[in-house]
Amino acid sequence: MIVVKEYEAMLEAYGKAGGNLNALKIRDAGNLVIHKNKVLSANEAAGIKVETEETETGVNIYFLVEEGVKIKHPVHLCFGVLPQEGLQEITLKVEAQAGSEVNVIAHCIFPNAVAVIHKMNADINIGDNAKFSYHETHYHGEFGGVKVIPKAKIRVGKKGVWQSTFVLIEGCVGMLDYDFEIFGEEKSNSELMVKVSGKKEDDISIVEKIHLDGAEARGLAKSRLVLNDNAKAVVRGETYGNAPFARGHVDCLEIVNGEGVIARAIPMVYVNDKQAKVTHEAAIGSIDKKQMQTLMARGLNEEEAVDVIVRGILK
Amino acid sequence: MLEMRNLKLTLNGKPVIDGLNLEVKEGKIHGLLGVNGTGKTTLASLIMGISYPDEGNIIFEGQDITQCTISQRAKMGITLAWQEPARFEGLSIKEYLNLNRDLSLSEIENYLWMVGLPPTEYLNRAIDVSLSGGERKRVELASVMAIKPKVVILDEPDSGIDVVSLPHIMNGITEMSKQGSAVLLITHSEEAVSVADEVSVMCAGKVINTGLPEEMCQWFKSNCQTCNHIGTLEV
Ligand SMILES: Nc1ncnc2c1ncn2[C@@H]1O[C@H](COP(=O)(O)OP(=O)(O)OP(=O)(O)O)[C@@H](O)[C@H]1O
Ligand SMILES: [Mg+2]
């Protein structure tokens, strides 16, 4: 009974947070709904195996995409903690077998958080020629009482493709400690994207590491942060060109939009093969003056202009 | 309708605008010629309120707007298409044309057609660095058309535009004036300036002559070639 209630509450929060409720009802679409350490719903789709194990503080998940299977519907994941306090530790093991293709959409919901910890430790293996995209969107209340600690190690096999986005722009997080590390094999293509809006006293750390270990491997580590109020952020983008014709790029933009903001960017590019090439660009500063003037010359006031620019950057 | 009276602006010790007088009349296209660095873009930014003059006045519809902000001027019906327009990440052409207004899709498409950009291809493109220079300029022109301003400053709308598309652009400009917008058309091209009702020549931060397009083109070529741009040619 309690589980049913929790499930309904999660669905409600999920819907409010912009999650697609209908997607959770599609019979042949995979989904997984987890509240704290309880699995409220788990649906396997053809070609996907999902095993879960509840622990005292979270859930261990094993997620398998079978060889050569191209999953038609996106797989929806929903993680959350609804009460003001709680701990959720997710251990995620992903095996995308050779030639498989899947799109995973995750929502992480903490609408009432005052003291919540959400940790994710992911160990992800993308097989040769497999394609995996992972989009995680966070919804937080305005209090900023969450510690979000997502860590992932991702191995991308030959000609494999990894694309992930991590979006935290709704509400106020508290603390974010994001750390994704990619190991790309021959001709693999990996993209990490982070979009964060920092507010109030937020403390944000982003680490994006890409090891281009195979010949012709490609990698892009991109981050877009808009920092308001007294938010602090540090972004480390590291790319290692370790093989011939490896190509990597680090692209970091942090907009300083508050009196108490402290923004740092530490791009690191490392090349130990003379045919590899890694580039980086990092820009930190207030909103571009010319962009502001342009929008104001179209009749927007200052606040509206900032809003248009910031929404674009975080889109 | 828009009048600049004895404008002066010194930047880093250099008098960039140096006693400039100019009048743009209602519904007319006023061309502005002048060699590189003569202060045309600086004048545009003074008119838009991006910078303020050290001396002189800007009068719009009888009202002194010299101290008004960009937004205030925009709300009065003044706008500007930049020589080098800004780029925006994550903002689509469709959104850019519809900033602060409520145009229907077909209206937006129409403005894109007017600058020769097929809507199906461009509507949802971002106006970021992926647009070519000429494409970005055309979007800028479409965006000011969409505003139906009382006065628009077009800072070299024709530069970087290929010869095939140029007639589109020029048509668009004439169309704007037909619909009631006064245009200050800054350009280096004889072809572009030929659509103007009146043309002024600028040299060393001031207007040194005003007349009909053909006349002024000739005059500009014969006088400004030998001039050392110290503003001594005033007639
Ligand atoms: N901030 C500044 N400090 C010093 N000089 C400046 C500054 N801004 C512009 N200038 C100078 O003022 C002069 C006028 O510049 P402006 O951009 O208005 O010329 P323009 O007539 O538009 O030239 P173009 O035809 O090349 O577009 C130039 O000599 C330029 O170098
Ligand atoms: Mg100029």
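Heads up: the protein sequence lines correspond to chains A and X, in order.
When we follow the numbering used here, the leftmost residue of the first sequence carries the number -19, and every step to the right adds one.
When we follow the numbering used here, the leftmost residue of the second sequence carries the number 221, and every step to the right adds one.
Backbone N, C-alpha and C fix where the C-beta goes; we use that ideal spot for every residue, glycine too.
Interface partners of residue i on chain X, CB under 8 Å
i                      : result
residue 268 of chain A : 306
residue 293 of chain A : 309, 310
Rounded C-alpha distance that separates residue i from residue j
i                      : j                      : result
residue 132 of chain A : residue 25 of chain A  : 24 Å
residue 60 of chain A  : residue 68 of chain A  : 8 Å
residue 228 of chain X : residue 273 of chain X : 6 Å
residue 63 of chain A  : residue 21 of chain A  : 19 Å
residue 249 of chain A : residue 188 of chain A : 12 Å
residue 399 of chain X : residue 368 of chain X : 8 Å
residue 36 of chain A  : residue 278 of chain A : 56 Å
residue 348 of chain X : residue 312 of chain X : 9 Å
residue 49 of chain A  : residue 75 of chain A  : 13 Å
residue 346 of chain X : residue 271 of chain A : 14 Å
residue 276 of chain X : residue 443 of chain X : 27 Å
residue 54 of chain A  : residue 330 of chain X : 37 Å
residue 436 of chain X : residue 287 of chain X : 32 Å
residue 78 of chain A  : residue -1 of chain A  : 30 Å
residue 108 of chain A : residue 87 of chain A  : 28 Å
residue 380 of chain X : residue 287 of chain A : 31 Å
residue 130 of chain A : residue 47 of chain A  : 27 Å
residue 322 of chain X : residue 280 of chain A : 14 Å
residue 293 of chain X : residue 273 of chain A : 12 Å
residue 357 of chain X : residue 222 of chain A : 41 Å
residue 199 of chain A : residue 110 of chain A : 16 Å
residue 83 of chain A  : residue 113 of chain A : 5 Å
Contact with chain X by residue i, beta-carbon distance below 8 Å
i                      : result
residue 277 of chain A : yes
residue 280 of chain A : yes
residue 288 of chain A : yes
residue 37 of chain A  : no
residue 117 of chain A : no
residue 32 of chain A  : no
residue 274 of chain A : yes
residue -19 of chain A : With a pLDDT of 44 at residue -19 of chain A, under the threshold of 50, the modelled position of that residue is not reliable, and no figure is offered here.
residue -2 of chain A  : no
C-beta contact flag for residue i and residue j at 8 Å
i                      : j                      : result
residue 29 of chain A  : residue 44 of chain A  : yes
residue 119 of chain A : residue -3 of chain A  : yes
residue 225 of chain A : residue 196 of chain A : yes
residue 335 of chain X : residue 392 of chain X : yes
residue 145 of chain A : residue 190 of chain A : no
residue 207 of chain A : residue 234 of chain A : yes
residue 39 of chain A  : residue 70 of chain A  : yes
residue 352 of chain X : residue 317 of chain X : no
residue 285 of chain A : residue 244 of chain A : no
residue 297 of chain X : residue 422 of chain X : no
residue 138 of chain A : residue 170 of chain A : no
residue 424 of chain X : residue 238 of chain X : yes
residue 85 of chain A  : residue 56 of chain A  : yes
residue 300 of chain X : residue 406 of chain X : no
residue 289 of chain A : residue 267 of chain A : yes
residue 149 of chain A : residue 180 of chain A : no
residue 386 of chain X : residue 375 of chain X : no
residue 154 of chain A : residue 178 of chain A : no
residue 106 of chain A : residue 147 of chain A : no
residue 430 of chain X : residue 413 of chain X : no
Any chain A beta carbon closer than 8 Å to residue i
i                      : result
residue 386 of chain X : no
residue 436 of chain X : no
residue 390 of chain X : no
residue 367 of chain X : yes
residue 439 of chain X : no
Cross-chain neighbours of residue i in chain X, by beta carbon under 7 Å
i                      : result
residue 271 of chain A : 306, 308
Contacts that residue i makes with chain A (C-beta to C-beta distance below 8 Å)
i                      : result
residue 344 of chain X : Here the premise fails: no neighbours, minimum Cβ distance about 12 Å.
residue 406 of chain X : By Cβ distance, chain A contributes nothing, its closest Cβ being about 15 Å from residue 406 of chain X, past 8 Å.
Test: residue i CB closer than 8 Å to a CB of chain B
i                      : result
residue 442 of chain X : Reference to chain B is not applicable here, since the protein chains of this structure are A and X.
### Task
Could you list the residues in the segment 272 to 299 of chain X with a C-beta less than 7 Å from some C-beta on chain A, going in chain order?
Flagged, chain order: 290, 291, 294, 295, 299.
### Query
Which residues, in chain order, does the segment 228 to 250 of chain X contribute to contact with chain A at a C-beta distance below 7 Å?
none
### Message
Any C-beta of chain X within less than 9 Å: which residues of the segment 130 to 146 of chain A qualify?
### Response
none
#### Entry: Cβ-based contacts, 7 Å cut-off: residues of the segment 320 to 347 of chain X near chain A
320
### Message
Tell me which residues of the segment 256 to 270 of chain X have at least one Cβ-Cβ distance to chain A shorter than 9 Å, keeping chain order.
### Response
Taking 9 Å as the Cβ-Cβ cut-off against chain A, the residues of the segment 256 to 270 of chain X that qualify are 265, 268, 269, 270.
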